[in-house]
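If you read the sequence shown in our numbering, its first letter stands for residue 118, the second for the next number, and so on.
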Amino acid sequence: MTASQGWTPARIYNVYRIAIACSLMLLHFGPEPALIGNHLPLLFETTLFVYLGLTLASTSLDFRAERRAYPSWAQPASLITDLAMLTLVVHASGGLEGGLAVLLLVTVAAGNILLRGRLGFLIAALATLAMMFEQFYFSIQSMSDSPFLLTESGLLGIAFFMVSLIIQQIAQRLQYSERIAQRQRVAIERLEALNQQIVQRMRTGVV
Numbered sequence: 118m119t120a121s122q123g124w125t126p127a128r129i130y131n132v133y134r135i136a137i138a139c140s141l142m143l144l145h146f147g148p149e150p151a152l153i154g155n156h157l158p159l160l161f162e163t164t165l166f167v168y169l170g171l172t173l174a175s176t177s178l179d180f181r182a183e184r185r186a187y188p189s190w191a192q193p194a195s196l197i198t199d200l201a202m203l204t205l206v207v208h209a210s211g212g213l214e215g216g217l218a219v220l221l222l223v224t225v226a227a228g229n230i231l232l233r234g235r236l237g238f239l240i241a242a243l244a245t246l247a248m249m250f251e252q253f254y255f256s257i258q259s260m261s262d263s264p265f266l267l268t269e270s271g272l273l274g275i276a277f278f279m280v281s282l283i284i285q286q287i288a289q290r291l292q293y294s295e296r297i298a299q300r301q302r303v304a305i306e307r308l309e310a311l312n313q314q315i316v317q318r319m320r321t322g323v324v
């Protein structure tokens with residue numbers, strides 16, 4: 118396995134998922150009292166253990182299987198699972214005020230790098246709906262005076278779609294640059310082949 122085959126964007130993201138799960142565990146179990154997950158500790162711990170197990174399993178399958186043998190639905194399912202798990206983590210940490218909702222920005226960005234197009238925007242839409250539902254449900258639980266005040270989740274949703282749009286534009290430009298580089302490489306190879314033919318004929322003519 119070469120370096121380029123071993124460290125694809127999908128595999129880098131899998132390693133990031135493991136690092137995030139381990140970091141959240143350290144922040145919860147390390148300090149006393151815990152820095153995060155204090156609102157619903159049992160839900161937080163259960164979600165993290167399940168999330169870590171799923172990420173380890175998917176990463177192991179990804180590194181063992183060849184890309185052509187890896188199911189096409191596995192990447193979207195993995196990203197949707199991330200959204201669900203991180204939404205539970207946000208809820209167990211006190212809702213949007215806990216500050217962990219920014220983790221979904223990375224998931225949305227990764228979704229638009231790995232999937233792109235409509236599927237990438239679908240990840241952003243699902244993340245927005247998840248945060249809006251989280252804020253609404255958490256407001257009901259905390260007996261807020263106005264549970265329909267979804268300002269924070271709305272702004273976060275705008276950020277999700279802005280990140281999606283920026284990432285997809287950057288990806289399109291990179292693809293365009295790669296196509297240009299590929300054409301230039303083909304042109305150079307043809308010129309080199311033509312040059313070798315010319316040199317070969319000159320040597321034959323001299324002999």
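Quick reminder that beta carbons are idealized off the backbone N, C-alpha and C, glycines included. Everything numeric in this text was worked out from a predicted model, so none of it was measured.
| query | result |
| --- | --- |
| Where does Ala226 sit, in a helix, a strand or coil, going by DSSP? | helix |
| With 16 other CB atoms within 10 Å as the buried threshold, where does Asn312 fall? | exposed |
| In the DSSP assignment, find the alpha helix (DSSP H) that holds Val206 and state where it starts and stops. | Ala191 to Ala209 |
| Which same chain residues, not among the five before or five after Ile230, have their C-beta less than 7 Å away from its C-beta? | Pro126, Ile284 and Ala288 |
| Determine, using beta carbons only, whether Leu157 and Ala209 come nearer to each other than 8 Å. | yes |
| For Ala136, which of Pro150, Leu159, Leu173 and Phe161 has the nearest alpha-carbon? | Leu173 |
| I'd like to know if the stretch 246-259 and the stretch 294-305 are in contact, where contact means that at least 3 CB-CB pairs between them fall below 8 Å. | no |
| Shortest alpha-carbon distance to Ala244 belongs to which of Arg233, Gln258, Leu152 and Leu273? | Leu273 |
| Taking all protein chains shown into account, decide if Phe146 is buried (16 or more other Cβ within 10 angstroms of its Cβ) or exposed. | exposed |
| Going by the beta-carbon positions, is the gap between Leu222 and Ala276 smaller than 8 Å? | yes |
| Using beta-carbon positions only, say whether Ile257 and Gly215 come within less than 8 Å of one another. | no |
| Can you check whether the C-beta of Gly212 is within less than 8 Å of a C-beta belonging to chain D? | Given the protein chain composition of this structure (a single chain), no chain D is represented. |
| Let me know the secondary structure DSSP gives Asn155 once reduced to three states. | coil |
| Under the rule that 16 or more other beta-carbon atoms within 10 Å means buried, what is Gln192, buried or exposed? | buried |
| Do you know offhand how far Arg290's Cα is from Val219's? | 26 Å |
| Relative to the C-alpha of Thr164, which residue among Leu205, Gly237, Asn155 and Trp190 is closest? | Leu205 |
| Look up Arg233 in the DSSP assignment and say whether it is helix, strand or coil. | coil |
| Measuring only the C-alpha atoms, how far is Leu236 from Leu144? | 33 Å |
| Would Asp179 pass as a contact of Arg128 if the rule is Cβ separation under 8 Å? | yes |
| My understanding is that Val207 touches Leu196, with C-beta atoms under 8 Å, so please give their C-beta distance in whole angstroms. | Their Cβ separation, rounded to whole angstroms, is 16 Å, which puts Val207 and Leu196 out of contact at 8 Å. |
| I need the straight-line Cα distance from Leu200 to Leu171, nearest angstrom please. | 13 Å |
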